[in-house]
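Quick notes on the structure that follows.
Numbering (the working numbering), first residue to last: 11 to 408.
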């Protein structure tokens, strides 16, 4: 691979492919270092075991083998004596099955559409964040979230974060659009028929839910990942209407860039990393008034690990300022702490990605695995899980 753009093409594709979910239970397995099915975090670390096996998205564990100039693993190995072996995965479902069926992996980087499955399946252990010194500097708004914390127990430390925003051509929109209605209101979206770009994933249903929260409050949607059957149907129906105007469902953001440049797409869901590669005099990107979806991946430790100390040391290292700056800048997302900004190669890196901008961040609904227990706190109804979202997505795309 040749640097950031090549790896970004790959990570964009695998992120969008993280869609098909197999919701299955798995009893918690006893783990080393004091973890067990009781769900208790360890009290102290032991001697480093000498190795750690990591399962992650491409671009998260770089040791110089893809690009000799991109390497944050070697320093970790030198500092800790923990030799890293790693495997990349292409979908969250693949990662789930690898963790469920094997005790080979000590650490996993999990997106929000995977974390609750791992937690509820007993496949990852609660963390003692006091044993992760770098955690104290992580932005507070990334801690104790529905996607990495359950019953007050922290199961994952953040890697970074990003948002799914509204990108547009200035030739089509001389004034920046302020609402998702240009994509979701059929009377307006029909004006751009065949020129709309939508994100190709069942988790995109949450984008429709965010729009409905604002424009159809009678549906009672309070959390876009907590949809009962009626609410899911409303979001599904809205996306079926949108389907008639969508020119492309994108999974590789570089193809989205090309589609904008060719004029095939005039408005659509986009990432900051994509916008940064476009001519800002011709294109714009905004957070609409309804808000946006986004992601914040979590580093988690397997409940089956035999290398607990090295696993903890990796979590501490990847959230340390220099390593986190390298990893998130390479991938194209905001880092987990402001301290990382000091080590970015691009002096404007954190500004471009809105790192630490709480007003910006408050508008993001981070990907969270839909489960039957409603994440909005409702107890009088069952919510739809990701299996049902996947079926709905198949209907939406026909």
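C-beta: ideal position from N, C-alpha, C; glycine also.
Would you list the residues sitting across from residue i in a DSSP beta bridge?
| i | result |
| --- | --- |
| residue 368 | DSSP, once it has assigned bridges, lists no residue as partnering residue 368. |
| residue 312 | 134 |
| residue 64 | 96, 117 |
| residue 305 | 172 |
Could you check what DSSP says for residue i in three-state terms: helix, strand or coil?
| i | result |
| --- | --- |
| residue 345 | strand |
| residue 94 | strand |
| residue 404 | helix |
| residue 355 | coil |
| residue 101 | coil |
| residue 53 | coil |
| residue 73 | strand |
| residue 81 | strand |
| residue 228 | helix |
| residue 324 | helix |
| residue 188 | coil |
| residue 237 | coil |
| residue 329 | coil |
| residue 334 | helix |
| residue 3 | Because the chain spans 11 through 408 in this model, residue 3 falls outside it and cannot be assessed. |
| residue 317 | coil |
| residue 87 | helix |
| residue 47 | Low confidence applies here, because residue 47 scores a pLDDT of 32, under 50, leaving its location unreliable and the question unanswered by this model. |
Classify residue i as buried or exposed, calling it buried when 16 or more other Cβ atoms lie within 10 Å of its own Cβ.
| i | result |
| --- | --- |
| residue 303 | buried |
| residue 329 | buried |
| residue 307 | buried |
| residue 318 | buried |
| residue 255 | buried |
| residue 135 | buried |
| residue 314 | buried |
| residue 272 | exposed |
| residue 143 | exposed |
| residue 299 | exposed |
| residue 241 | buried |
| residue 294 | buried |
| residue 400 | buried |
| residue 154 | exposed |
| residue 347 | buried |
| residue 188 | exposed |
| residue 361 | exposed |
| residue 252 | buried |
| residue 166 | buried |
| residue 228 | exposed |
| residue 391 | exposed |
| residue 301 | buried |
| residue 358 | exposed |
| residue 217 | buried |
| residue 74 | exposed |
| residue 186 | exposed |
| residue 161 | exposed |
| residue 491 | Because the chain spans 11 through 408 in this model, residue 491 falls outside it and cannot be assessed. |
| residue 112 | exposed |
| residue 205 | buried |
| residue 140 | exposed |
| residue 262 | buried |
* To do: Could you pull out every unbroken beta strand (DSSP E) segment of at least 3 residues lying fully inside the region 192-221, listed in chain order?
  => The region 192-221 contains these whole beta strand (DSSP E) runs: 206-209.
* Asked: In chain order, which beta strand (DSSP E) runs of at least 3 residues are fully inside the region 246-296?
  -> Fully enclosed beta strand (DSSP E) runs of 3 or longer: 256-260, 277-280, 293-296.
* **Cβ contact (3+ pairs, closer than 8 Å) linking the region 329-336 and the region 80-95** => Result yes; three or more Cβ-Cβ pairs closer than 8 Å.
* To do: Pick out the complete beta strand (DSSP E) segments inside the region 110-183, 3 residues or longer, and give them in chain order.
  => Runs of the beta strand (DSSP E) lying entirely within the region 110-183, each at least 3 residues long, are 117-120, 170-179 in chain order.
* Asked: Which ranges would you report for the beta strand (DSSP E) in the region 357-402 if only whole runs of at least 3 residues count?
  -> If one requires a minimum length of 3 residues, the beta strand (DSSP E) runs lying completely within the region 357-402 are 374-376, in chain order.
* **the region 280-287 touching the region 253-266, judged by at least three CB pairs closer than 8 Å** => Segments in contact, yes.
* **Touch test, the region 318-326 against the region 84-98, Cβ-Cβ under 8 Å, three pairs minimum** => Short answer: they touch.
* Asked: Between the region 194-201 and the region 368-387, do three or more beta carbon pairs fall short of 8 Å?
  -> Contact between the region 194-201 and the region 368-387 is not established, with fewer than three Cβ pairs separated by less than 8 Å.
* Asked: Do the region 56-68 and the region 145-156 meet, that is, are 3 or more Cβ pairs less than 8 Å apart?
  -> No contact exists between the region 56-68 and the region 145-156.
* Decide yes or no for the touch test of the region 358-369 against the region 198-218: beta carbon pairs closer than 8 Å, at least 3 of them. => Pairwise C-beta distances place the region 358-369 out of contact with the region 198-218, as fewer than three of them are shorter than 8 Å.
* Taking three-plus beta-carbon pairs below 8 Å as touching, is the region 220-238 in contact with the region 380-397? -> The region 220-238, when compared against the region 380-397, does touch it at the 8 Å Cβ threshold.
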